[in-house]
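Trainee: Right, I'll just put the structure down here and ask away after.
Chains as they are written, first to last, in this note's numbering: chain C, 1007 to 1294; chain Z, 219 to 512.
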C-alpha cells in the first residue's frame, strides 16, 4: 500500500474514482443549477435560449411574483403559496395518516389473538399488489360517489392504507420481548396503557424514519392529484408546474416556471439532506 | 412468528384494525373488484345495461396492434431504465464505498435526487434539452443533429428514458451502498493480499455478494418504470409524438380518463394487476432466499 503511493502512475490511477464521482455529481447537479440560474433571469432571456451560466438580477421579482400572484406575463396560474399549502397538507396527511393507521393495525395483529386475525392480515398484505395506478378509474369513481373530488379527504385518504408501514411495525413489534409484556400485565397495565407507555416510545426511531420516506412519497404524488383535483385552489405544486409549462413552447413565463420548480424541490430535498440518517434507515428498513 | 404473551381484549383488536380495514375495503378491494367485474362485461352506449362477455375485452385489447405496440414501448422503456439506472448506480456506489477522501460528501451529493418527483425530474431535463430554450438542446441542433424530441419519436423515447433513469439512480445507489457495507472487509483484504486487483476483486467478490441487492433492485426498478414514471411521461411528452412514448400505464389513463372507455381500461387494469402480482411474487421468493442465506 505505502509502496504504491510513491509511484506516479499509481497516483494517477487513484484519481480515477474521484473523476468518475465528480462527473456523476455534476450530472445530477447540472439540471438543478440551470433551474436555479433560470429563476434569477427574465422570461425573454430564457425564451431566447441564451441563458447565461451566472445568476441574473430578477430573483426577487420572480420568486415574489410566483409566490403570491395568480398571473404572469402570458397566462394565469395558481399562486405558489396556495399550491405549496396544498402539497404540504397532502404530504403531512398521507405521512401521519399512514403511520397512525399502520401502527394501530400492526399492534392489533402482533399483540392480540382473535378470530379472522390472519384474514385481516392477508387483506392488508394484498394492498401491496394494488398500487393506485392499476385501479385508477374505479377508485376515482368511488371517490366521486362519496363527493370527495376537489377535497383534501379525497386527495389523501385513498392513499393512506399502506401494507409496507404495517408490515414494518409488525416486524418491529415482534422483537419486543415477551417479558416486557408480562411485566406490564403484572403491574396491571392494560393493552392501551402498554401501547402508550411502552410501544409508542420504543417505536420513535421507526416513526421518524417512516415519516421522512412517506412525506416525500406524499409530496411527489402525481397521477392521483391529477385526477382528483379540478379547481385551481386545490392544485398541488408538482401538478402546477406541468400545467404552467403546457406544450413547452418558447413563449412561456419561464422565469416563473423555474422559480416554481425550485420551490417544489425545496421541501423534499431539505428533508433528505437534513434527515439523511433517518431517511436512509427508513428506506432500507421499509423495503426489506 | 408468534408471541407467547398476548392481551386478551375481545373488542379492542377490531377497533384498532378498523381504520386500515375500512380504507383498504373502500379504496382498494372494492375498486379492484370493480375493475375485474368491468373487465368481463360490456356496457351499452348509455351505461344502462351490461352484458357478461367472458374474455372478449381482453381479446379485443390483445388483438389491437396499437396495444401490442404499447407493450413493446413499455418493454423497451422499462428495460432501458432498469439497466441504465442500475449500472450507473453500481459504478458510483462501488467508487464511493472505497476508502477515498470525501466519500461522505460524495454520498450526500448523490442521494438527494431521490427527493425529486418523477415529473419534476422530467421538467428539469426539459429545461436543458428543450430545442428552443435548453442549452444542450440548442447545442445538439447546432451540431446538425436535428434535435426536437417533441417531433421525433426516437428522441422522445431517449428523453423519457434518461429523465426516468436519472431520478432512479439515487435510490439504487443507497441500496448498493448498504449492500456493499455488508460485505466483510476481511474477504476483500484477503483477496488483496493474494494479489487480486480492484477489477478482479469486483467481479469475483463484490458482484456475486451483491447479487441479492441487485436482484431486489431489478424488481423495484421494473415496478418504478411501469408505474411511477407516469409523471415523467405526462410532463415531458404526453405519450407522444404519436404514441411513441405511450407506456401501459399511460394508456390506461388515456383510455379510461381521457377517452372514457371503461371496458378497455378495466381489462388493461387487470393485465397490470397480473404484472404487479407476478413481480411481487418474484420479489418475495427472493426475500425468502435471502433469509435462507442469513
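Idealized CB from N, CA, C, for every residue including glycine.
Quick caveat, the model's predicted, so the values are computed rather than measured.
Kindly identify the DSSP beta-bridge partner or partners of residue 259 (chain Z).
Mentor: In DSSP, residue 259 (chain Z) forms a bridge with Z:270.
Trainee: From residue 1236 (chain C) to residue 385 (chain Z), what distance separates their C-alpha atoms?
Mentor: Going from the Cα of residue 1236 (chain C) to the Cα of residue 385 (chain Z) covers about 28 Å.
Trainee: Grab the span of the alpha helix (DSSP H) containing residue 1221 (chain C) for me, first residue to last.
Mentor: Counting along the chain, the alpha helix (DSSP H) containing residue 1221 (chain C) begins and ends at 1210-1225.
Trainee: For residue 303 (chain Z), which three-state DSSP category applies?
Mentor: Three-state DSSP puts residue 303 (chain Z) in a helix.
Trainee: Between C:1239, C:1065 and C:1168, which has its C-alpha nearest residue 240 (chain Z)'s C-alpha?
Mentor: Taking only the C-alpha atoms, the option nearest residue 240 (chain Z) is C:1168.
Trainee: Would you be able to state if there are at least three C-beta pairs under 8 Å between the region 239-259 of chain Z and the region 484-492 of chain Z?
Mentor: Flag = yes, the region 484-492 of chain Z and the region 239-259 of chain Z touch.
Trainee: If you measure between the beta carbons of residue 312 (chain Z) and residue 424 (chain Z), is that distance less than 8 Å?
Mentor: Contact: yes.
Trainee: Is the Cβ of residue 512 (chain Z) closer than 8 Å to any Cβ of chain C?
Mentor: Model confidence at residue 512 (chain Z) stands at a pLDDT of 31, short of 50, so the residue's coordinates are unreliable; what they give is reported in the following sentence. It does not; no Cβ of chain C falls within 8 Å.
Trainee: Taking the C-alpha atoms as reference points, what is the distance between residue 1165 (chain C) and residue 1171 (chain C)?
Mentor: Cα to Cα, the separation comes out at about 12 Å.
Trainee: Could you check whether the Cβ of residue 1126 (chain C) sits closer than 8 Å to any Cβ belonging to chain Z?
Mentor: With 8 Å as the cut-off, residue 1126 (chain C) counts as an interface residue toward chain Z.
Trainee: Establish whether the CB of residue 330 (chain Z) and some CB of chain C are separated by less than 8 Å.
Mentor: With 8 Å as the cut-off, residue 330 (chain Z) counts as an interface residue toward chain C.
Trainee: Please report the distance separating the alpha-carbon of residue 1114 (chain C) from that of residue 1134 (chain C).
Mentor: Their backbone Cα atoms lie some 19 Å apart in a straight line.
Trainee: Who are residue 1118 (chain C)'s beta bridge partners in DSSP?
Mentor: Beta-bridge pairing links residue 1118 (chain C) to Z:225.
Trainee: Which residues in the same chain have their Cβ closer than 6 Å to the Cβ of residue 388 (chain Z), if we skip the five residues on either side of it in sequence?
Mentor: The residues are 329, 331 and 332.
Trainee: Can you pull out the residues from the region 1033-1050 of chain C whose beta carbon lies closer than 9 Å to at least one beta carbon of chain Z?
Mentor: Answer in chain order: 1033, 1034, 1035, 1036, 1037, 1038, 1040, 1041 and 1044.
Trainee: Bridge partners for residue 1082 (chain C) per DSSP, in chain order?
Mentor: The partner list for residue 1082 (chain C) (beta bridge, DSSP) reads C:1077.
Trainee: Could you compute how far the alpha carbon of residue 454 (chain Z) sits from the alpha carbon of residue 344 (chain Z)?
Mentor: Cα to Cα, residue 454 (chain Z) sits roughly 7 Å from residue 344 (chain Z).
Trainee: Applying a beta-carbon distance threshold of less than 7 Å, which residues of chain Z neighbour residue 1145 (chain C)?
Mentor: Residues of chain Z passing the Cβ test: 245 and 249.
Trainee: Have a look at C:1181, C:1035 and C:1118 and flag the residue whose alpha-carbon is nearest the alpha-carbon of residue 225 (chain Z).
Mentor: Comparing Cα positions, the closest option is C:1118.
Trainee: What does the Cβ neighbour count give for residue 284 (chain Z), buried or exposed, with the cut at 16 atoms within 10 Å?
Mentor: Per the 10 Å Cβ criterion, exposed.
Trainee: Would residue 1059 (chain C) and residue 1043 (chain C) be called neighbours here (beta carbons separated by less than 8 Å)?
Mentor: In contact: residue 1059 (chain C) and residue 1043 (chain C) (Cβ atoms closer than 8 Å).
Trainee: Check whether chain C comes within 8 Å of residue 421 (chain Z), counting only Cβ atoms and requiring the distance to be less than that.
Mentor: Closer than 8 Å: no.
Trainee: Anything in chain Z within Cβ reach of residue 1120 (chain C), meaning under 8 Å, just list it in chain order.
Mentor: Per Cβ cutoff of 8 Å: 228, 231 and 232.
Trainee: List, in order along the chain, the chain C residues whose C-beta lies closer than 8 Å to that of residue 239 (chain Z)?
Mentor: Within 8 Å Cβ-Cβ: 1111, 1126, 1129 and 1130.
Trainee: May I ask which residues mark the beginning and end of the alpha helix (DSSP H) holding residue 387 (chain Z)?
Mentor: First-last of the alpha helix (DSSP H) with residue 387 (chain Z): 371-399.
Trainee: Can you tell me where the alpha helix (DSSP H) holding residue 437 (chain Z) begins and where it ends?
Mentor: Unbroken alpha helix (DSSP H) run through residue 437 (chain Z): 425-441.
Trainee: Whole beta strand (DSSP E) runs in the region 277-363 of chain Z with 3 or more residues, listed along the chain?
Mentor: With a minimum length of 3 residues, no continuous beta strand (DSSP E) run stays inside the region 277-363 of chain Z.
Trainee: Taking only beta-carbon atoms, is residue 453 (chain Z) less than 8 Å away from chain C?
Mentor: Interface residue, yes.
Trainee: How would you list, in chain order, the residues of chain Z whose beta-carbon sits under 8 Å from the beta-carbon of residue 1084 (chain C)?
Mentor: Correct list: empty, because the minimum Cβ distance to chain Z is about 16 Å.
Trainee: Using a beta-carbon distance below 8 Å, is residue 1161 (chain C) in contact with chain Z?
Mentor: Taking Cβ atoms only, chain Z never reaches closer than 8 Å to residue 1161 (chain C), which makes this a no.
Trainee: Measure how close the beta-carbons of residue 1099 (chain C) and residue 1158 (chain C) come, nearest whole angstrom, since I'm counting them as under 8 Å.
Mentor: So it is a contact: roughly 7 Å between Cβ atoms.
Trainee: Only counting the same chain, and skipping five residues up and downstream in sequence, which positions put a Cβ closer than 8 Å to that of residue 291 (chain Z)?
Mentor: Taken in chain order, the residues that qualify are 375, 461, 462, 463, 464 and 465.
Trainee: Taking 8 Å as the CB-CB limit, is residue 1264 (chain C) close to chain Z?
Mentor: Chain Z contact via Cβ: present.
Trainee: Quick one: grab the DSSP three-state call for residue 1111 (chain C).
Mentor: It is helical.
Trainee: Taking the alpha-carbon of residue 362 (chain Z) as reference, which of Z:426, Z:484, Z:496 and Z:349 has the nearest alpha-carbon?
Mentor: Per the Cα distances, Z:349.
Trainee: Comparing alpha-carbon positions, which option in C:1096, C:1037 and C:1124 lies nearest residue 1057 (chain C)?
Mentor: Cα-wise, what sits closest to residue 1057 (chain C) is C:1037.
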